[in-house]
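A.B. asks:
Protein chains: 2
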Amino acid sequence: MKAVGVIVEYNPFHNGHWYHLDETKRKTNADCTIAVMSGNFLQRGEPALVSKWARTRMALEAGVDIVIELPYAFATQKAQNFANGAISLLSALHCEKVCFGSENGTIDNFESTVEFLKNNQQTYDQTTRQYLKEGYSYPKATSLAYSSLSNHDTYVDLSKPNNILGYHYVKAIHDQNSSMKAETITRTSAGYHDETFSHESIASATSIRKTLFSAEKNIEEIRNYLPSSTVNWLLSYYEENQLFHRWEDYFTLLKYKLLTSTPFELANIYEAEEGIENRLLTYISEATSFQDFMEKIKTKRYTWTRLQRFCVHILTNTTKEQLKPINENPIATYIRLLGMSQKGQSYINHVKKDIDLPILSKATGFSDELFMLDWKAARTYLAIFPEPLRTKLLRQEYATPPIRFNEEQRVYL
Amino acid sequence: MKAVGVIVEYNPFHNGHWYHLDETKRKTNADCTIAVMSGNFLQRGEPALVSKWARTRMALEAGVDIVIELPYAFATQKAQNFANGAISLLSALHCEKVCFGSENGTIDNFESTVEFLKNNQQTYDQTTRQYLKEGYSYPKATSLAYSSLSNHDTYVDLSKPNNILGYHYVKAIHDQNSSMKAETITRTSAGYHDETFSHESIASATSIRKTLFSAEKNIEEIRNYLPSSTVNWLLSYYEENQLFHRWEDYFTLLKYKLLTSTPFELANIYEAEEGIENRLLTYISEATSFQDFMEKIKTKRYTWTRLQRFCVHILTNTTKEQLKPINENPIATYIRLLGMSQKGQSYINHVKKDIDLPILSKATGFSDELFMLDWKAARTYLAIFPEPLRTKLLRQEYATPPIRFNEEQRVYL
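Quick mapping for you: the protein sequence lines, in order, are chains C and P. Position 17 of the first sequence, counting from 1, maps to 30 under our numbering, and the rest follow consecutively. Position 204 of the second sequence, counting from 1, maps to 217 under our numbering, and the rest follow consecutively.
1. On the CB-based measure, 16 or more other CB atoms within 10 Å of its CB, does F210 of chain C come out buried or exposed?
2. Residues of chain C with CB closer than 7 Å to the CB of S274 of chain P, please, in chain order.
3. Compare the beta carbon distance of S115 of chain C and G179 of chain C with 8 Å and say whether it is the shorter of the two.
4. Could you check what DSSP says for E82 of chain P in three-state terms: helix, strand or coil?
5. Under 8 Å, do Y283 of chain P and K333 of chain P count as touching if we go by C-beta distance?
6. Three-state secondary structure (DSSP) at A281 of chain C?
7. Any beta-carbon of chain P closer than 8 Å to the one on S9 of chain C?
8. Got a sec, what are the start and stop residues for the beta strand (DSSP E) M353 of chain P sits in?
9. Give the DSSP bridge partners of P60 of chain P, in chain order.
10. At the level of alpha carbons, what is the spacing between Q90 of chain C and Y159 of chain P?
11. Please classify S192 of chain C: is it buried, with 16 or more other beta-carbons within 10 angstroms of its beta-carbon, or exposed?
12. Kindly indicate the opening and closing residues of the beta strand (DSSP E) around C324 of chain C.
13. Give the residues of chain P in contact with S4 of chain C, contact being defined as C-beta atoms less than 9 Å apart.
14. Taking 8 Å as the CB-CB cut-off, is Y269 of chain C touching chain P?
15. Closer than 8 Å by C-beta to H363 of chain P: which residues in its own chain qualify, once you throw out the five before and the five after it? Chain order, please.
16. At the 8 Å Cβ level, is Y205 of chain C part of the contact set with chain P, yes or no?
17. Secondary structure at L373 of chain P, three-state DSSP: helix, strand or coil?
18. What would DSSP say about S227 of chain P, mapped onto helix, strand or coil?
19. Please compile the residues from chain C whose C-beta is within a distance smaller than 7 Å of the C-beta of E400 of chain P.
20. Let's test the definition: count the other Cβ atoms within 10 Å of the Cβ of V49 of chain P and tell me whether it reaches 16, buried, or not, exposed.
21. Does the separation of the CB atoms of R349 of chain P and I79 of chain P fall below 8 Å?
22. The beta strand (DSSP E) spanning V111 of chain C covers which residue range?
23. For the alpha helix (DSSP H) containing T413 of chain P, list its first residue and its last residue.
24. Need the endpoints of the beta strand (DSSP E) that E196 of chain C sits in, please.
25. Of the choices C:I416, C:P415, C:T393, C:N419, whose alpha-carbon is the least far from that of L407 of chain C?
26. Helix, strand or coil, according to DSSP, for I232 of chain P in the structure here?
27. Considering Cα atoms alone, identify which of P:N245, P:T126, P:R259, P:F113 is closest to G58 of chain P.
28. So, does the CB of L279 of chain C fall closer than 8 Å to a CB anywhere in chain P?
29. State yes or no: is the beta carbon of T141 of chain C nearer than 8 Å to at least one beta carbon in chain P?
30. With 16 other CB atoms within 10 Å as the buried threshold, where does R142 of chain P fall?
31. For E208 of chain P, collect the residues of the same chain with a Cβ closer than 8 Å to its Cβ; drop the 5 residues on either side in sequence, then sort them by chain order.
32. How about A396 of chain P: is its C-beta nearer than 8 Å to some C-beta of chain C?
33. Are the stretch 221-234 of chain C and the stretch 222-242 of chain P touching by the rule of at least three beta carbon pairs closer than 8 Å?
34. For I20 of chain P, write down the residues that DSSP places opposite it in a beta bridge.
35. Give me whichever residues DSSP pairs with N419 of chain P in a beta bridge.
36. Taking Cβ-Cβ distances below 8 Å as the criterion, which residues of the stretch 86-102 of chain P are in contact with chain C?
If you want it as structure tokens, here you go:
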């Protein structure tokens with residue numbers, strides 16, 4: 014059996030993801046699709062709209078065979094660590110290929126870009142530092158440094174977000190000496206050629222979330238952009254829990270946390286740099302919402318994403334010390350299995366003996382240091398619920414075994 | 014002008030306090046009454062029912078001339094530190110006397126008890142340690158040690174809560190070489206002889222709070238036990254803020270804080286001892302309310318009060334390091350003025366030049382380390398309000414000058 018990996022957030026799973034999934038299967042001819050999915054908090058520094066369990070069900074019903082969790086230590090991080098964590102997990106599961114969406118769409122260009130930057134590392138780093146000194150944010154500085162060095166004909170445009178991730182996936186494969194092959198699929202709307210995925214059926218996850226966060230929550234507005242399984246799980250999540258998670262729901266906890274921390278304590282939080290924590294402390298007292306707070310603290314130097322990620326680490330109380338191992342060696346140390354189809358189950362049975370990492374089917378009884386960070390993230394994510402729902406959901410988080418889906422009969426086991 | 018000090022929580026101010034205040038004035042013949050009042054959190058480890066500002070107004074209208082805040086560093090502490098902080102403040106304000114309520118009612122008995130324990134310190138400490146080893150709580154162990162050494166005819170019964178505080182007040186006066194004289198008034202209901210304070214008009218603060226916390230909040234049930242000024246301020250506080258503060262309102266924050274802290278981080282919190290923090294971490298996940306949590310963690314060894322105080326320090330994120338100066342030298346370093354009558358104002362003008370501590374009329378621009386703890390307590394206390402009320406109350410907390418009351422015209426200035 015041959016497996017292909019995809020690296021996803023599914024926040025929520027929509028027709029664009031479906032297109033990418035089908036293209037991935039078609040292009041790679043794999044027997045089994047494995048999704049590495051972020052858990053409670055996402056790379057942009059936001060809580061996931063709905064639980065990892067609901068998102069796992071969306072993925073399984075749309076044709077993913079295995080869903081594993083990208084640990085918090087990688088999921089809420091800059092592209093380099095994010096990519097390294099995800100690639101190390103897919104490698105550990107013996108995927109033959111990984112297939113990612115990108116604006117560029119040509120894998121050879123990614124390969125040559127990685128090669129090019131490796132050969133010009135010193136100049137690139139110097140130029141980046143120069144742009145940083147001029148006050149640009151880190152992503153902007155690297156992108157400027159890169160375009161001053163290369164032309165875009167044969168290299169990848171690294172000012173585009175999915176190209177940046179793709180570059181780091183390919184680089185991680187090289188750095189980790191993985192035998193996985195990378196493939197890419199063009200992600201612009203012009204790239205959606207399949208007739209079942211017309212332009213009218215694709216909308217961004219951002220615009221979908223916007224509708225879900227609105228007071229009206231008019232699901233009819235977005236039904237065309239979502240598989241029916243996603244619509245069902247969104248509706249049932251909302252019915253059960255009475256909310257879609259957003260930063261504003263966590264603002265009371267964030268404000269409390271900031272207002273009871275000393276500058277010294279905040280300086281220990283991951284991503285506290287150059288005294289940015291003092292800026293947060295200055296503005297939090299007067300901020301009446303998360304949006305208001307972000308607008309107050311934003312500068313040219315710090316991107317919105319960077320600041321949101323810092324806020325997530327404050328909220329989950331994740332320290333520099335706790336992420337030190339990951340920054341030194343960004344490799345996953347366990348596989349948290351969230352769900353699988355029958356085919357996924359067969360694949361796991363098939364490769365099990367060759368997998369070097371522990372596979373966690375439940376969360377109990379495993380005390381890896383990085384896994385404790387997933388715990389804190391889950392506990393933070395659930396902290397906003399009223400009792401006794403909070404206690405019930407916490408208990409489920411500890412005890413839930415992987416979701417098992419019979420893809421032929423379309424039933425859960 | 015001569016001043017007498019009282020040490021209070023006024024949670025809320027009721028007829029028993031009124032009786033004590035009038036008896037204090039009658040007994041000491043002072044020109045001016047100064048109340049040292051706990052701020053946002055109280056000695057039993059609970060949030061104050063209503064804000065320090067509302068409680069200050071109750072005190073001023075009932076005839077207190079000056080209200081100053083007992084800093085958090087003393088207010089949420091064992092009796093010894095509580096007493097030392099309060100006595101040091103009254104001494105700094107050049108009070109001639111301090112007058113406290115006690116079960117014993119005879120000041121000579123307190124003096125001889127302090128003397129007796131000073132002379133038998135070693136035996137007392139040894140016996141206390143012995144009882145601690147047997148598994149008794151600290152208050153129980155000291156009380157048992159004491160009764161095994163003394164008879165109660167000429168000494169004070171130190172198993173009674175107000176006697177314990179009184180003992181520490183008198184001891185603090187000795188230890189600090191203060192020139193203040195102590196007086197005491199009997200606090201049992203049998204002691205209420207004044208005809209305006211009949212047995213029918215006195216109820217405990219606990220029973221009053223119980224009515225206020227009930228769903229009905231039937232103020233008629235408790236009107237007889239409260240001065241009309243207290244009733245008015247309670248009603249207006251509730252109208253403005255829609256709550257009376259209780260532990261349950263803070264349970265979400267406490268659970269969040271505990272569930273995102275490592276055992277190592279909790280071990281740094283003040284009053285974390287003998288691994289008690291691990292007990293809290295074990296039980297918090299399954300606790301659905303503060304009451305439920307307390308019942309789960311309670312043991313013979315740790316009194317309810319002790320555990321509640323620990324929870325307050327966790328909630329406010331107060332570390333051992335931050336309270337180290339107080340444990341080494343429990344003396345106040347500033348005077349936070351909350352309110353005063355015209356007579357109180359005259360007294361302050363009169364003694365101002367002889368007061369060695371800074372008098373804070375606003376909170377801005379003062380950065381004493383202990384004062385920062387008052388800040389954290391206030392921020393925690395206000396954290397439960399919805400926006401924009403929370404931001405408004407935080408701003409008021411920074412900027413509110415002392416309340417000024419014209420006691421003759423019964424108006425605020």
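Positions of the beta carbon are idealized from the N, C-alpha and C atoms, including for glycine. On a predicted model such as this, the values are computed, not experimentally measured, just so you know.
C.D. replies: With the structure as the only source:
1. For this step, residue 210 of chain C is matched to residue 197 along the first sequence. Only weak support is given to the placement of F210 of chain C: the predicted model assigns it a pLDDT of 45, under 50, and the value that follows is read from those uncertain coordinates. Buried, by the Cβ-count rule.
2. The count along the second sequence starts at 1 and reaches residue 274 of chain P at position 261. Residues of chain C passing the Cβ test: N330.
3. Looking up residue 115 of chain C in the first sequence gives position 102. Looking up residue 179 of chain C in the first sequence gives position 166. G179 of chain C is positioned such that its CB atom lies closer than 8 Å to that of S115 of chain C.
4. Against the second sequence, residue 82 of chain P aligns to sequence position 69. In this structure, E82 of chain P counts as strand in the three-state DSSP scheme.
5. Stepping through the second sequence from its first residue, residue 283 of chain P is reached at position 270. Stepping through the second sequence from its first residue, residue 333 of chain P is reached at position 320. Contact flag set, yes.
6. Taking the first sequence and counting its residues from 1, the one referred to as residue 281 of chain C is at position 268. Contrary to the premise, residue 281 of chain C reads as Asn rather than Ala in this sequence. Coil at N281 of chain C, not helix or strand.
7. There is no way to answer for residue 9 of chain C, as the model of chain C reaches only from 14 to 426.
8. Counted from its first residue, the second sequence places residue 353 of chain P at position 340. Per DSSP, M353 of chain P belongs to the beta strand (DSSP E) from 348-354.
9. As a first step, residue 60 of chain P is located in the second sequence; it is residue number 47 there, counting from the start. Residue pairing by DSSP places P60 of chain P opposite P:F54 in a beta bridge.
10. Your numbering for residue 90 of chain C matches position 77 in the first sequence. Your numbering for residue 159 of chain P matches position 146 in the second sequence. Each residue's alpha carbon lies about 59 Å from the other.
11. As a position in the first sequence, residue 192 of chain C is number 179, starting the count at 1. Using a 10 angstroms sphere on the CB of S192 of chain C, the tally of other CB atoms stays under 16, which defines it as exposed.
12. The residue labelled residue 324 of chain C in the question sits at position 311 within the first sequence. Where C324 of chain C is concerned, there is no enclosing beta strand (DSSP E), although the alpha helix (DSSP H) it sits in stretches over 317-329.
13. Because chain C spans 14 through 426 in this model, residue 4 of chain C falls outside it and cannot be assessed.
14. Start at 1 with the first residue of the first sequence, and residue 269 of chain C comes out as number 256. For Y269 of chain C, the answer is yes, since a Cβ of chain P falls inside 8 Å of its Cβ.
15. Sequence index remark: in the second sequence, residue 363 of chain P carries index 350 (1-based). M14, listed in sequence order.
16. Position 192 of the first sequence, counted from the start, is the residue given in the question as residue 205 of chain C. With a pLDDT of 42 at Y205 of chain C, under the threshold of 50, the predicted position of this residue should be treated as unreliable, though the coordinate-derived value follows. Chain P contact via Cβ: absent.
17. Your numbering for residue 373 of chain P matches position 360 in the second sequence. Residue state, collapsed to three classes: strand.
18. The count along the second sequence starts at 1 and reaches residue 227 of chain P at position 214. Looking at S227 of chain P - three-state DSSP - the assignment turns out to be coil, as it is neither helix nor strand.
19. On the second sequence, position 387 is the one that residue 400 of chain P refers to. Those are T301, S302, listed as they occur along chain C.
20. In the second sequence, counting from the first residue as 1, residue 49 of chain P sits at position 36. Under the 10 Å beta carbon count, V49 of chain P is surrounded by 16 or more other beta carbons and is classified as buried.
21. Here residue 349 of chain P is taken as the residue at index 336 of the second sequence, counted from 1. Here residue 79 of chain P is taken as the residue at index 66 of the second sequence, counted from 1. No.
22. Residue mapping note: residue 111 of chain C aligns to position 98 of the first sequence, counting from 1. From DSSP, the beta strand (DSSP E) with V111 of chain C extends over 110-115.
23. Mapped onto the second sequence, residue 413 of chain P falls at position 400. Run containing T413 of chain P: none; DSSP gives neither H nor E here.
24. By one-based count along the first sequence, residue 196 of chain C stands at place 183. Unbroken beta strand (DSSP E) run through E196 of chain C: 194-199.
25. Reading the first sequence from its first residue, position 394 is the one you call residue 407 of chain C. Comparing alpha carbon positions, the residue from C:I416, C:P415, C:T393, C:N419 closest to L407 of chain C is C:T393.
26. Residue mapping note: residue 232 of chain P aligns to position 219 of the second sequence, counting from 1. The answer is helix: DSSP assigns I232 of chain P an H, G or I state.
27. What you label residue 58 of chain P is simply residue 45 of the second sequence in a count that begins at 1. The shortest C-alpha separation from G58 of chain P is found at P:R259.
28. If you number the first sequence from 1, residue 279 of chain C lands on position 266. It does not; no Cβ of chain P falls within 8 Å.
29. Locating residue 141 of chain C in the first sequence gives position 128, where the first residue counts as 1. So, not an interface residue.
30. Start at 1 with the first residue of the second sequence, and residue 142 of chain P comes out as number 129. Under this definition R142 of chain P is an exposed residue.
31. Along the second sequence, read from residue 1 onward, the residue named residue 208 of chain P stands at position 195. Any reading at E208 of chain P is ruled out, since the residue's pLDDT is 42, under 50, leaving its predicted position unreliable.
32. Here residue 396 of chain P is taken as the residue at index 383 of the second sequence, counted from 1. Output row for A396 of chain P: interface = yes.
33. no
34. Here residue 20 of chain P refers to the residue found at position 7 when the second sequence is read from its first residue. In the DSSP output, where bridge partners are listed per residue, I20 of chain P has P:V49.
35. In the second sequence, counting from the first residue as 1, residue 419 of chain P sits at position 406. Paired residue(s): P:V424.
36. none
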